[in-house]
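Numbering (mature numbering (1 follows the signal peptide of the UniProt record, and there is no 0)), first residue to last: -21 to -1, 1 to 548.
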């Protein structure tokens, strides 16, 4: 029998135009020098946010600075990452979270290693050599959530995100403010009706005789039948303000809920490769934290759906309930990962190419005991009385220990094998307010009451140095954001979209970086294709890179049926 292979014709033509006198190599050299000068052992300033340390990333032919980041092992224990917006380059688009307009720290995409003297980060216990701090903390300043990542055997890691725990109860509350520091004289009373998908679920009424009065609806997290947990739900409150001369009605809408990490049977932690799709609210959740709003497309004839990541490198396949079935390469559609679950919907295996399998081992009660790598090495897992991971022990005898507040999974302490401990504090709604390291340093997140912005947060160090992050989201989806470092250096970012085009502009240290993107020809609005990337440097030199795309498919509904693929830049 003779096997016949048909190879699609793929062409990638590069036609570089409008390149400035400064080459990409020169730009990178300047970037690296600035990083070393700013983040070196004698100049490291944990809250000097304009020194980006490890967060430089590549975009096509250019280099651009990433988020405002303090880096573990150089500038302190915890990465404090302020979030960016739901667009494409220069940051990896699969990392974006429109919920809080953020990126997720992703070591694989970093190109700058820390100085050799930076201890306790990458190359430490459980992490790979070099500049990838696989075991460390990330605190997102705007939405006040925490991510931890622990490397386990088999080349994978498990991620914890406080925003995916029951203790983040603010995500299940809809609050309507009725009065402030004073009572409005012309209002006599308030009437409220709360509906879920059009169905009345609660009513309330209040006299207007109390200052600082509010109404709060708390969702129980169950589906409409009240039998199973739901990822999220849409709610609407009809507020009527009554007065002697009549009444005025307004509508408040909010999506409540979040991903329940504990439901996957891994003690509140998730494999970094795992995604979850919520069809009801069109949210794609990332195990490292956050989500993007994207509408899945049908895949096959079994009721499954697919979602491409923001840059089109991977395609995720989900069943009708949003469980991640597989991750495929975007070019050929071959499987990178396949996920297997038991009858209780708990993750049991992750399969990789060439027969490699990562197994999650449980006892007869379904409690996680260990993780077996493809080479047979075992990471032992211990759970606390509430079912959350309390320790990871790798084959080398190194142990990571974890404790939690109460019974709802908010991480309290995280201890590394070398004895370093991070301790976290939260508000009553499960928002991170303080991170303290056993070395004596700490920072606090202070939220400012500012009705002009969606977020107004100060990050305050132990020395009292303050960085401010303010951002606003308009009804048409435009985002504007300003970050001010303790030294006074300001970074501004903006994002907007119009008629199928997407625009982003960043101004930082006098460098203006702009991107114009359109929908990808294979994946539509799930993927942004950058048509034009331009950078204007200090001194006036500039670079512009333009691209065009031309793809032919044998089946317009199958993005893997490529006949020809041409990109010209």
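Where is the CB? At the ideal position from N, CA and C, for every residue including glycine. Computed from a predicted model, the values in this text were never measured in an experiment.
Taking C-beta atoms as the reference points, residue 420 and residue 411 fail to come closer than 8 Å. Per DSSP, residue 236 is one residue of the beta strand (DSSP E) stretching across 225 to 236.
The beta-carbon distance between residue 327 and residue 320, rounded to whole angstroms, is 6 Å. This is short enough to meet the 8 Å contact definition.
A straight-line Cα-Cα distance of about 38 Å links residue 259 and residue 487. Per DSSP, the unbroken beta strand (DSSP E) holding residue 382 starts and ends at 378 to 384. Nearest Cα to residue 483 within the set 490, 489, 474 and 491: 474. Below 8 Å, enough C-beta pairs join the region 210 to 228 and the region 170 to 178 to call them touching: three or more. Taking a 10 Å sphere around the C-beta of residue 300, we find fewer than 16 other C-beta atoms and assign the residue as exposed. No Cβ-Cβ contact shorter than 8 Å links residue 309 with residue 286.
Contact check for residue 156 against residue 193 passes: the beta carbons are separated by less than 8 Å.
For residue 193, the uninterrupted beta strand (DSSP E) segment begins and ends at 193 to 197. In the assembly as shown, residue 492 is a buried residue. Its beta-carbon has 16 or more other beta-carbons within 10 Å. Residue 374 sits close to residue 132, with the two beta carbons spaced by under 8 Å. Residues of the same chain with a CB within less than 7 Å of the CB of residue 149, apart from the 5 flanking positions on each side, are 408, 409 and 410 in chain order. Residue nearest to residue 186 within the set 196, 198 and 164 is 164 (criterion: CA-CA distance). In this structure, the CA atom of residue 381 is about 31 Å from the CA atom of residue 153.
Contact between residue 126 and residue 289 does not hold, since their C-beta atoms are separated by about 19 Å, which reaches or exceeds 8 Å.
The region 230 to 237 makes no contact with the region 348 to 359, as fewer than three CB pairs between them are under 8 Å. In the three-state DSSP reduction, residue 367 falls in the coil class, being neither helix nor strand. In the DSSP annotation of this structure, the continuous segment of the beta strand (DSSP E) that includes residue 130 starts and ends at 124 to 131. With 16 or more other CB atoms across the displayed protein chains lying within 10 angstroms of its CB, residue 147 is buried.
Two segments are said to touch when three or more pairs of C-beta atoms, one from each, lie closer than 8 Å; by this definition the region 392 to 402 does not touch the region 265 to 284.
If you draw a straight line from the Cα of residue 504 to the Cα of residue 161, it comes to about 47 Å.
Of the candidates 544, 514, 502 and 511, the residue whose Cα lies closest to the Cα of residue 536 is 502.
Here residue 540 has 532, 533 and 534 as same chain residues with Cβ atoms under 7 Å from its own Cβ, once five neighbours each way along the sequence are excluded. Following the DSSP letters along the chain, one finds residue 135 inside the beta strand (DSSP E) bounded by residues 135 to 140.
The beta strand (DSSP E) runs of length 3 or more contained entirely in the region 245 to 315 are, from start to end of the chain, 254 to 257, 262 to 265, 270 to 272, 276 to 278, 283 to 287, 293 to 297 and 303 to 308. In the three-state reduction of the DSSP assignment, residue 332 falls in the helix class, which pools H, G and I.
Annotation: residue 386 to residue 134 spans about 31 Å, alpha carbon to alpha carbon.
For residue 164, no beta strand (DSSP E) segment is defined, and its DSSP state is neither H nor E.
Cβ-Cβ distances below 6 Å link residue 264 to 238, 255 and 270 in the same chain, with the five nearest sequence neighbours on each side left out; the list follows chain order. In chain order, 349 and 351 place their CB closer than 6 Å to the CB of residue 357, counting only its own chain and leaving out the 5 sequence neighbours on each side. The Cβ-Cβ distance between residue 225 and residue 325 does not fall below 8 Å.
The closest CA to that of residue 355, considering only 335, 342 and 345, is found on 335.
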